[in-house]
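A.B. asks: In our numbering, the protein residues as written are 84 to 415. Built from N, CA and C at the ideal position, the CB exists for glycine as well.
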Amino acid sequence: MNMDDVLLMAYVDGELTPRERENVEKTMSVSPDVARRVACLQASALRYRHAFAHQRLPPVPERLAQRVAELSRAYGGTQNGADDVALASTADITPIGALKRNPAANAQHHANAAMQISTRARNAQRTRFAWPRFAWPFLAGAFTCAACGALVLSLAPGWLPGDGAHPVAVATSAPGVMPWVAAAVNYQRLYTRDTVSSDMPDMTVAARVIEQIHSDDGVPLRVPDLRAAGLTFKRIQRLRFNTKPLVQIVYLPKTGLPVALCVMKDDRPDTAMKRQHVDSLNVLTWRRANLSYALIAALDDNALSAIGKQIAEGRDDEVLGQRSAPPEISAS
Numbered sequence: 084m085n086m087d088d089v090l091l092m093a094y095v096d097g098e099l100t101p102r103e104r105e106n107v108e109k110t111m112s113v114s115p116d117v118a119r120r121v122a123c124l125q126a127s128a129l130r131y132r133h134a135f136a137h138q139r140l141p142p143v144p145e146r147l148a149q150r151v152a153e154l155s156r157a158y159g160g161t162q163n164g165a166d167d168v169a170l171a172s173t174a175d176i177t178p179i180g181a182l183k184r185n186p187a188a189n190a191q192h193h194a195n196a197a198m199q200i201s202t203r204a205r206n207a208q209r210t211r212f213a214w215p216r217f218a219w220p221f222l223a224g225a226f227t228c229a230a231c232g233a234l235v236l237s238l239a240p241g242w243l244p245g246d247g248a249h250p251v252a253v254a255t256s257a258p259g260v261m262p263w264v265a266a267a268v269n270y271q272r273l274y275t276r277d278t279v280s281s282d283m284p285d286m287t288v289a290a291r292v293i294e295q296i297h298s299d300d301g302v303p304l305r306v307p308d309l310r311a312a313g314l315t316f317k318r319i320q321r322l323r324f325n326t327k328p329l330v331q332i333v334y335l336p337k338t339g340l341p342v343a344l345c346v347m348k349d350d351r352p353d354t355a356m357k358r359q360h361v362d363s364l365n366v367l368t369w370r371r372a373n374l375s376y377a378l379i380a381a382l383d384d385n386a387l388s389a390i391g392k393q394i395a396e397g398r399d400d401e402v403l404g405q406r407s408a409p410p411e412i413s414a415s
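1) How big is the Cα-Cα spacing for His297 and Pro303?
2) Skipping 5 residues on each side, what residues in its chain have a beta carbon closer than 7 Å to that of Asp349?
3) Which of the three DSSP states is assigned to Gly97 in this structure?
4) Grouping DSSP H, G and I as helix and E and B as strand, with all else coil, what is Val89?
5) Tell me which same chain residues have a C-beta within less than 7 Å of the C-beta of Val264, skipping the five on either side of it?
6) Is it right to say Cys345 is buried, meaning 16 or more other beta carbons lie within 10 angstroms of its own, or is it exposed?
7) Which whole-angstrom value describes the C-beta separation of Ala381 and Leu329, a residue pair presumed to lie in contact below a C-beta threshold of 8 Å?
8) Are at least three pairs of beta-carbons, each pair with one atom in the stretch 316-323 and one in the stretch 348-363, less than 8 Å apart?
9) Go ahead and label Asn385 buried or exposed: buried means 16 or more other beta carbons lie within 10 angstroms of its beta carbon, across all protein chains shown.
10) Could you give the distance in angstroms between the alpha-carbon of Asp116 and the alpha-carbon of Glu103?
11) Once DSSP output is grouped into helix, strand and coil, what is the label at Pro336?
12) To the nearest angstrom, report how far apart Gln271 and Ala290 are at their CA atoms.
13) With C-beta atoms as the reference, is Leu91 less than 8 Å away from Leu140?
14) At 3 residues or longer, and completely inside the stretch 99-129: list those beta strand (DSSP E) runs for me, N to C.
15) Can you tell me whether Ala239 is helix, strand or coil according to DSSP?
16) In terms of residues, what are the limits of the beta strand (DSSP E) holding Gln320?
17) Name the residue from Pro336, Asp383, Glu401 whose alpha carbon lies nearest to the alpha carbon of Asp277.
18) Would you kindly check if the distance between the Cβ of Ala395 and the Cβ of Met356 is under 8 Å?
19) Kindly indicate which residue of Val89, Met261, Pro144, Gly391 has the alpha-carbon position closest to the one of Leu309.
20) With which residues is Thr275 paired in a DSSP beta bridge?
21) May I have the straight-line CA-CA distance separating Asp299 from Met111, to the nearest angstrom?
22) In chain order, what residues of the same chain have a beta carbon less than 6 Å from the beta carbon of Ala343, not counting five sequence neighbours either side?
23) Do Val107 and Leu99 have their C-beta atoms within less than 8 Å of each other?
24) Output the distance between the C-alpha atoms of Gly462 and Ala126, rounded to the nearest integer angstrom.
25) Please say whether Arg318 and Pro284 have beta carbons closer to each other than 8 Å?
26) Return the Cβ separation of Pro307 and Glu401 in integer angstroms, given the expectation that the two are a contact with Cβ distance under 8 Å.
27) How many Å lie between Gly259 and Lys327 at the Cα?
28) Per the DSSP calculation, Leu304 is bridged to which residue(s)?
29) Could you check if Met347 is buried or exposed, using at least 16 other CB atoms within 10 Å of its CB as the buried criterion?
30) I'd like to check one pair, Asp362 with Val268: are the Cβ atoms closer than 8 Å?
31) Can you check which of these residues, Asp87, Arg120, Glu105, Phe316, is closest to Ser280 by C-alpha distance?
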């Protein structure tokens with residue numbers, strides 16, 4: 084019997100017939116190389132649910148469960164090469180390090196995400212003879228996803244969370260919205276208050292993330308302290324949209340849904356503030372000093388404009404010591 088990785092992975096996953104299992108085990112007993120390959124594959128069959136089974140977890144927010152169900156329906160029917168595209172676009176979490184989150188509040192989310200990505204990555208590995216470029220990166224991504232609680236996200240080109248279930252939702256809600264803003268808004272829709280309410284930001288880790296944003300991404304970012312506006316800093320994340328750096332800073336108001344300040348590099352001329360309504364969220368956008376800003380929240384226009392003007396004019400302290408703010412612009 085030819086002991087290729089497809090057969091050995093089926094052995095590890097318990098999908099072989101008794102006779103096939105017996106043949107594999109006989110080969111393992113006389114072939115150290117086959118035994119080593121099986122051991123490597125077994126290392127990828129991590130028991131994610133067992134790892135989190137003894138933690139006290141809050142209930143999954145109903146809104147988040149609905150959004151996950153939408154994503155599952157939207158991408159569950161892909162076939163052949165489309166599987167790789169769907170995996171790349173819907174595996175929105177690329178865990179290479181960012182601000183740590185509270186594990187008790189996020190453990191179930193990470194466990195479920197890791198299980199889903201690991202399963203799909205292993206399926207991609209089994210078809211690597213057709214798509215060799217995709218197989219091992221996906222498997223490696225699944226490994227790291229299980230280990231990291233705080234993440235850097237990649238928004239794949241053209242991907243908006245939930246767009247398969249609602250293909251024209253963003254376009255009809257905000258015909259003039261920029262693509263990166265639309266992607267950020269749709270990602271923000273996945274957040275509930277419970278998602279970030281238990282976060283305990285590690286400022287040392289946050290400082291390292293911000294330094295990476297400065298040095299690696301080339302974004303001269305400042306993290307405004309918005310406590311005077313009733314917003315508490317919760318997390319900062321490095322994202323990518325169409326291969327370009329996108330930074331998301333998340334705040335939590337005293338009541339209601341989280342607020343996000345998203346920033347991208349943009350060499351176009353400065354602009355005044357512009358208010359838009361995208362789906363169920365209000366968005367305030369402006370551009371200055373080679374950076375584009377999008378303030379995303381479920382706040383009314385007046386509250387959002389006041390916070391945006393405070394940020395744009397630099398009339399606030401900073402959560403962490405950063406580079407000085409760019410020159411002021413006036414808000415509309």
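C.D. replies: Let's see:
1) To locate residue 297, count along the sequence shown from 1; it is residue 214. To locate residue 303, count along the sequence shown from 1; it is residue 220. Computed Cα separation, rounded: 5 Å.
2) In the sequence shown, counting from the first residue as 1, residue 349 sits at position 266. Arg370, Asn373, Leu374, Ser375, listed in sequence order.
3) What you label residue 97 is simply residue 14 of the sequence shown in a count that begins at 1. If DSSP states are grouped into helix, strand and coil, Gly97 belongs with coil.
4) On the sequence shown, position 6 is the one that residue 89 refers to. It is helical.
5) Here residue 264 refers to the residue found at position 181 of the sequence shown. Hits under 7 Å: Val366, Thr368, Ala377.
6) Position 262 of the sequence shown, counted from the start, is the residue given in the question as residue 345. Classification for Cys345: buried.
7) As a first step, residue 381 must be located in the sequence shown, where it is residue number 298. As a first step, residue 329 must be located in the sequence shown, where it is residue number 246. Going by Cβ atoms, the distance from Ala381 to Leu329 rounds to 21 Å, so no, they are not a contact pair.
8) no
9) Translated into the one-based positions of the sequence shown, residue 385 becomes position 302. Looking at its Cβ environment, which holds fewer than 16 other Cβ atoms inside 10 Å, Asn385 is exposed.
10) In the sequence shown, residue 116 corresponds to position 33, counting from 1. In the sequence shown, residue 103 corresponds to position 20, counting from 1. Cα to Cα, the separation comes out at about 18 Å.
11) Within the sequence shown, numbered from 1, the residue matching residue 336 stands at position 253. It is a strand residue.
12) The residue given as residue 271 occupies position 188 in the sequence shown. The residue given as residue 290 occupies position 207 in the sequence shown. Answer to the nearest angstrom: the Cα atoms are 23 Å apart.
13) Walking along the sequence shown from the start, residue 91 turns up at place 8. Walking along the sequence shown from the start, residue 140 turns up at place 57. Result no, Cβ atoms of Leu91 and Leu140 do not sit closer than 8 Å.
14) none
15) In the sequence shown, residue 239 corresponds to position 156, counting from 1. The predicted model places Ala239 with a pLDDT of 42, which falls under 50 and marks its position as unreliable, so this point remains unresolved.
16) Sequence index remark: in the sequence shown, residue 320 carries index 237 (1-based). Looking at the DSSP string, the run of the beta strand (DSSP E) that includes Gln320 is 314-324.
17) Numbered from 1 along the sequence shown, position 194 holds the residue referred to as residue 277. Of the candidates Pro336, Asp383, Glu401, the one whose C-alpha sits nearest the C-alpha of Asp277 is Pro336.
18) Start at 1 with the first residue of the sequence shown, and residue 356 comes out as number 273. Start at 1 with the first residue of the sequence shown, and residue 395 comes out as number 312. A contact, by the Cβ cut-off of 8 Å.
19) Within the sequence shown, the letter at position 226 stands for residue 309. The option with the nearest alpha carbon to Leu309 is Gly391.
20) The sequence position of residue 275 within the sequence shown is 192, counting from 1. According to DSSP, which records beta bridges pairwise, Thr275 is partnered with nothing at all.
21) Working through the sequence shown from its first residue, we reach residue 299 at position 216. Working through the sequence shown from its first residue, we reach residue 111 at position 28. Distance between the alpha carbons of Asp299 and Met111: 46 Å.
22) For the purposes of this step, residue 343 is taken as the residue at position 260 of the sequence shown. Excluding residues within five positions, the ones whose Cβ falls inside 6 Å are Gln271, Gln331, Val333, Ile379.
23) Mapped onto the sequence shown, residue 107 falls at position 24. Mapped onto the sequence shown, residue 99 falls at position 16. A contact, by the Cβ cut-off of 8 Å.
24) Here the chain covers residues 84 to 415 and nothing more, so residue 462 does not appear.
25) Within the sequence shown, the letter at position 201 stands for residue 284. Within the sequence shown, the letter at position 235 stands for residue 318. Going by C-beta atoms, Pro284 is nearer than 8 Å to Arg318.
26) As a first step, residue 307 is located in the sequence shown; it is residue number 224 there, counting from the start. As a first step, residue 401 is located in the sequence shown; it is residue number 318 there, counting from the start. Yes, they are in contact, since the Cβ atoms of Pro307 and Glu401 sit about 6 Å apart, within 8 Å.
27) For this step, residue 259 is matched to residue 176 along the sequence shown. For this step, residue 327 is matched to residue 244 along the sequence shown. Roughly 21 Å separates the two Cα atoms.
28) Within the sequence shown, residue 304 is the residue found at index 221, counting from 1. Paired residue(s): none; Leu304 is not in a bridge.
29) As a first step, residue 347 must be located in the sequence shown, where it is residue number 264. With 16 or more other Cβ atoms within 10 Å, it is buried.
30) On the sequence shown, position 185 is the one that residue 268 refers to. On the sequence shown, position 279 is the one that residue 362 refers to. Yes.
31) Counting from one through the sequence shown, the residue named residue 280 turns up at place 197. Here the closest residue by C-alpha is Phe316.
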